[in-house]
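Protein sequences, first through last, are from chains A and B.
Per this note's numbering, residue 12 is the first one in the first sequence, and the count goes up by one each step.
Per this note's numbering, residue 4 is the first one in the second sequence, and the count goes up by one each step.
Each remark here refers to the structure printed beneath this line.
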Amino acid sequence: MLPVRVFFVKKGDSVYISHLDVQRAVIRALQRTGYKLAFTEGFNPHLKLVFAMPLSLFQQSTYEIFDFTLLDENVTYDEVLEKLKETFPADMMPFAVSAPKQKISALRMATYDIFVKTDKKQSEIALPDKMTVTKKSKSGIKEIDIRPLIRGFEVSDTEDGVKLCVTADCGSQSHLNVAYICEWFGFENEDFSIVRTGLYDGDGELIG
Amino acid sequence: MVRNEYLPLLKRVEKPGRYTGGEYGCLIKDKSKLDVRFCFCFPDTYEIGMSNLGIKILAHCMNSKDYIWCERCYAPWSDFEKELRENNLPLYALESGDPLNDFDIIGFTLQYELSYSNVVNMLDISGIPVFSAERGEDYPIIIGGGPCAYNPEPVADFFDVFSIGEGEEALVRFCELYRDCKKKGMKKSEILRLASHLDGFYVPSLYDVEYNADGTIKSFKPKFDDVPEKITKSIIKDLDKAPFPTQFPVPYLETVHDRVTVEVFRGCIRGCRFCQAGMVYRPYREKSPENVNKCAFESCKNSGYNEVSLSSLSISDYTQLDKLIDSMLEWSEEQKVSLSLPSMRIDAFYEELLKKVMSVRKSGLTFAPEAGTQRLRDVINKNITEEEILSACKKAYDTGRSQIKLYFMLGLPTETDADLSGIASLGQAVVDEFFSQKRNGRFLNITLSVASFVPKPFTPFQWQPQESLEEIERRQQFLKGEIKTKKITYNYHDARTGRIEAILAKGDRRQSKAIYAAVKAGQRLDGWDEFFSYDAWIKAFTDVGLDPDFYACRKIPFDEILPWDHIDCGVTKEFLVREAKKAENAHTTPDCRTACSACGANKLGGERKCCR
Chain A
12 MLPVRVFFVK
22 KGDSVYISHL
32 DVQRAVIRAL
42 QRTGYKLAFT
52 EGFNPHLKLV
62 FAMPLSLFQQ
72 STYEIFDFTL
82 LDENVTYDEV
92 LEKLKETFPA
102 DMMPFAVSAP
112 KQKISALRMA
122 TYDIFVKTDK
132 KQSEIALPDK
142 MTVTKKSKSG
152 IKEIDIRPLI
162 RGFEVSDTED
172 GVKLCVTADC
182 GSQSHLNVAY
192 ICEWFGFENE
202 DFSIVRTGLY
212 DGDGELIG
Chain B
4 MVRNEYLPLL
14 KRVEKPGRYT
24 GGEYGCLIKD
34 KSKLDVRFCF
44 CFPDTYEIGM
54 SNLGIKILAH
64 CMNSKDYIWC
74 ERCYAPWSDF
84 EKELRENNLP
94 LYALESGDPL
104 NDFDIIGFTL
114 QYELSYSNVV
124 NMLDISGIPV
134 FSAERGEDYP
144 IIIGGGPCAY
154 NPEPVADFFD
164 VFSIGEGEEA
174 LVRFCELYRD
184 CKKKGMKKSE
194 ILRLASHLDG
204 FYVPSLYDVE
214 YNADGTIKSF
224 KPKFDDVPEK
234 ITKSIIKDLD
244 KAPFPTQFPV
254 PYLETVHDRV
264 TVEVFRGCIR
274 GCRFCQAGMV
284 YRPYREKSPE
294 NVNKCAFESC
304 KNSGYNEVSL
314 SSLSISDYTQ
324 LDKLIDSMLE
334 WSEEQKVSLS
344 LPSMRIDAFY
354 EELLKKVMSV
364 RKSGLTFAPE
374 AGTQRLRDVI
384 NKNITEEEIL
394 SACKKAYDTG
404 RSQIKLYFML
414 GLPTETDADL
424 SGIASLGQAV
434 VDEFFSQKRN
444 GRFLNITLSV
454 ASFVPKPFTP
464 FQWQPQESLE
474 EIERRQQFLK
484 GEIKTKKITY
494 NYHDARTGRI
504 EAILAKGDRR
514 QSKAIYAAVK
524 AGQRLDGWDE
534 FFSYDAWIKA
544 FTDVGLDPDF
554 YACRKIPFDE
564 ILPWDHIDCG
574 VTKEFLVREA
584 KKAENAHTTP
594 DCRTACSACG
604 ANKLGGERKC
614 CR
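Structure follows, in C-alpha cells:
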C-alpha cells in the first residue's frame, strides 16, 4: 500500500463547481489512471480518498490537497504525477505528488489572496476589533464574530481596487469562509475573487 | 470557455457549472482550420442533455472530420435565461463560448414533444428569428432530428431542414454538402434545395399543404419536380461499422445518468401496438458482442465511470446476451464497474444472470404489463401473462427482494372499467404471492405506476383518439378505489401533460403559431412540473384558432391524409392498418423471430436476422 498526497490547483471553469463535483471529478480522474486503488472495506466500498479542506463554490486555489492510497507499490511519485497529468481536467491540474508529511488532520489555517474591484483604497480598509456577520445554517440564523478567526491581514492597492492577503482559521476545529470578510466590508459577489494559496498546520508549516 | 461578459451572471445563478464547459474530454479545435461550425443544441437542461447518448454519437461522427467542429449548447434554467435576457446576451456553445449566431449550422434533437418550447426559446434568446421564413443569409441553417422528427410538422416552420432517421452518416453528408456549396458561394435556399435530394432529408419550405374546410389535410405536395414526395429515413445498415464514441466530455455536475451507455441493438421484434420506438427504429439490427464489449471497456477506461448501461428496447431479445455478459464480466467485476440492464424480461435467463452479476442483484425489479387484463394486453400486443409475472415475483421474493414496480397505461383503446379493475387485482395477486409463504412483509412495496396513453404517429394506434381529460381523471380515481391494500403504492401523472403531448404528437404545420404563442406567453422547460402550464398551452392553441380536440380526440379514418404521411419510417401504412384491425378483435401478432408479419421495414436493409 502506497499512500499518495496530491497537490492540485482549482481555477478557470472548475471555479464554478462545488466541492462535491470536485470530489466526483477526482474519483473519475483516478479511475482513468488504471491504477489499482485502495477501497474501503464493508458493504458499500468506495475509494479511500480524503481532501484536506473543501473549497467553496466560486473560490479558486493554487494549493489544494487530497490523499489516496495505491495498492501498487512499484511506482514512483514522479510516475504518478505524470499519469495524473494525463487524466485530470486542465483546470484542476495536479502539480506535485509526494508521500504525505503531516496528517491532514493537522490542518489549522490557510492563506488567501482576495482581489476586489472597488473604489476604496488600501488606507481605507482596516480590520476592526469585532466583525459580526450573520451565518445561515440548518438550525437557523446565528450572529458570529469572525475577527478572532483572522490571523493575518494585509491590504495593497491594485489597478482596479485592492488585494487582501488573509490568513484565517481553516480545518475541522475552526474554520472561516473568507467570503464573510468580503461580505462584512460590503463588497458585492461579482466584484471579488478569492484564491486560496496555502494550507498550514498549527506551527505555521505548509502542509506537505 | 466562457466569455468575460457572462462571468458576473454565473455568480448569480444556480449550478453555474451548467454553463461553463471545460469538462475532461471536451474537444477544442482550431477555428482557423474549419469549414463547418456546427452547434448541437439539446433542448433541455445540461444534466439531462449530458445523459443523452444520441448527441454523443453524432458529435463524435462530425468531430471525426477535420473540417467540422461540433460543439454543445443546452437549454438554460429560468434563472440564467432571465440574466441573459436582462443583459442582452445570447446563448453560446460551451466549448468555444461563441454565440449561437456565429455558427454555420445549428442542430436540435427533438426528443419529446414538450421540449418544443425550449427549441423556440433557445433560438429566441440567441437573437435568431424563430421562423425559418424570417431568417436571411446572415443566420445559421437550423436542422432538426431525433425521435420526434418522424412527425416534424408542428415545428416545421421553425426549421430549415430535418434529418429523418439515424444521423451518423447523414449529418456528415449534410456538412459536406454545406461546405461544398459554401465554397461555390451558393445561397441558403440553393443549399437546401440540394439537401432535399439527399436521402433522408426533409426541407419543409419546399412543400405546400392544403387543408379542407373541416381542417383535415387536403393535399401535401412538393413545390418542384426534383423534390421527393416521400422522404425515406436514413439508417445505418451495419451497426458494427457505425462509429461509436469512446471519448466524450465527462461532466463535473451530477447528471441524470452518470454512467457509460452502450447500444446493443436497434429496432424491436415485439410489435407492441402503442410503442412508436418499436416501430420507427426497425429494421432490427444487432451489434456484435465483441463490439459492445469493446465500446464498454474503452468508454469506462477513458471516462472513469464505474457503471455501464446496455441500452436497447428489449435487452432480453439480444441473441448473444450470455456471450456479451460473460465477456464483460471478465473485466467489470475486477474494475468495480457495475452493469445495468434496463428493459429485461424476467425469465430463466435473468435468474442465471442474477447469480453471475453482483451489480444486477442491487437493481429493482420492474415489469411493464401496460394493461390489467389479458384481453387488453392482447389488444395492445404486449405479450406478458399474469402467470409469468407471478412466477418471476415468486423468484424475486425467494431471493429476499420485496420492491416491485409495475407499469401500466390507462386510456388504451377498447379499455373498460373491468380492465382497470384488472390492474388492481394484478397488483393484489403480486402482493398475495408474497404472503403465500411465511415472509416478513414489513418492507414489501408494490408500486403501480399508471401513465395516460398518448397515441403516437407510426403506430397501429395512430388513428385512435386520446380519452377526454374528464374520463382519464375518472378512470384514475376509479382505479384508486379498486386498490384495497396498503402494500400497494399507486402513482399516476397529471393527465394534462399527456393531453398536450397528444395534441403535439399528431400535430400539423399550423401548430407552429401556437407553439410560438405559448413561448411568447412564457412557456419553456415544459418537461418540468414547475414550468408546465396546461392552461397556457390550451390558450395558445385556441388563440391562434386551433382546436386542441381536433388533434387529440378524433378517431381518424384510415383513408385520411396524416400530417406525417410524407415520411417513410420503414414500416408501411398497410401493416399499421392490419395491426389496428387485429387490435379491435384482440388478436395478437407474434414477434418477428417467430413469424414475419411483413411490416415492410426490412426493405431498408439491415441484417434481417429476424426475417425468415
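By construction, the Cβ of each residue, glycine as well, lies at the ideal position given by its N, Cα and C atoms.
Given the structure is predicted, the values throughout are model-derived calculations rather than measurements.
In terms of beta-carbon proximity, B:Glu587 stays away from the interface with chain A, with every pair separated by 8 Å or more. DSSP places B:Pro463 in the coil class of the three-state scheme, outside both helix and strand. The residue among B:Phe370, B:Lys68 and B:Cys396 with its C-alpha nearest the C-alpha of B:Val433 is B:Cys396. At a cut-off of 8 Å between beta-carbon atoms, A:Ala36 makes contact with chain B. Residues of the segment 169 to 200 of chain A with a Cβ closer than 8 Å to any Cβ of chain B, in chain order: Asn200. The C-alpha of B:Asp568 lies about 18 Å from the C-alpha of B:Asp228.
The Cβ-Cβ distance between A:Asp83 and A:Tyr46 falls below 8 Å. Listed by position along chain B, the residues whose Cβ is nearer than 8 Å to that of A:Gly45 are Lys304.
Around the beta-carbon of B:Ala216, fewer than 16 other beta-carbon atoms lie within 10 Å, marking it exposed.
Counting only runs of at least 3 residues, the segment 284 to 352 of chain B fully encloses the following beta strand (DSSP E) elements, listed from N- to C-terminal order: 310 to 314 and 341 to 343.
Contacts between A:Ala40 and chain B, judged by CB atoms closer than 8 Å, involve Tyr27 and Gly307 in chain order.
The beta carbon of A:Gly172 is closer than 6 Å to those of Val127, Lys128 and Thr129 in its chain, skipping five residues each way along the sequence. Just measuring C-alpha positions, the residue of A:Asp212, A:Lys132 and A:Thr98 sitting nearest A:Thr169 is A:Lys132. Its Cα nearest to that of B:Tyr9, the residue A:Asp24 stands out among A:Asp24, A:Leu13, A:Phe18 and A:Met12. A:Ile157 sits away from A:Tyr211, with the two beta carbons spaced by 8 Å or more. Listed in chain order, the beta strand (DSSP E) runs fully inside the segment 104 to 191 of chain B are 108 to 112, 144 to 148 and 164 to 166, counting runs of at least 3 residues. Secondary-structure assignment with DSSP links A:Phe69 through no beta bridge to anything. Spanning the alpha carbons of B:Lys358 and B:Tyr537 requires a straight line of approximately 47 Å. Straight-line spacing of the CA atoms in B:Ala543 and B:Val133 works out to 17 Å.
B:Val311 places its beta carbon 8 Å or farther from that of B:Val267. Note on geometry: alpha-carbon atoms of B:Glu232 and B:Met189 lie some 25 Å from one another. Taking 8 Å as the CB threshold, B:Lys14 lines the interface with chain A. For A:Cys193, the uninterrupted alpha helix (DSSP H) run begins and ends at Ala190 to Trp195, by DSSP.
By alpha-carbon distance to B:Tyr153, the top candidate from B:Thr112, B:Asn121 and B:Arg378 is B:Thr112. A:Lys21 is bridged by DSSP to A:Ser72. Taking 8 Å as the cut-off, the Cβ atoms of B:Tyr519 and B:Val212 do not count as close.
Here the alpha carbons of B:Gly510 and B:Ala555 stand approximately 9 Å from one another.
Taking the beta carbon of B:Pro11 as reference, the chain A residues within 8 Å of it are Glu201, listed in sequence order. Shown here for A:Glu165: same chain residues with a beta carbon closer than 7 Å to its own, the five before and five after excluded, namely Cys176 in chain order. Identification of chain A residues near B:Gly24 by a Cβ-Cβ cut-off of 7 Å yields Asp24, ordered along the chain. Under DSSP, A:Lys153 forms a beta bridge with A:Lys146. In this structure the segment 406 to 423 of chain B lies against the segment 446 to 465 of chain B, because at least three pairs of beta carbons, one per stretch, are closer than 8 Å. Contact between B:Leu97 and B:Cys76 holds, with the beta-carbon distance rounding to 7 Å and staying under 8 Å.
Two segments are said to touch when three or more pairs of C-beta atoms, one from each, lie closer than 8 Å; by this definition the segment 379 to 391 of chain B touches the segment 578 to 592 of chain B. Annotation: Cβ neighbours of B:Val253 in chain A (cutoff 7 Å, chain order): Arg39.
Residue burial annotation: B:Phe464 is buried, with at least 16 other C-beta atoms found within 10 angstroms of its C-beta.
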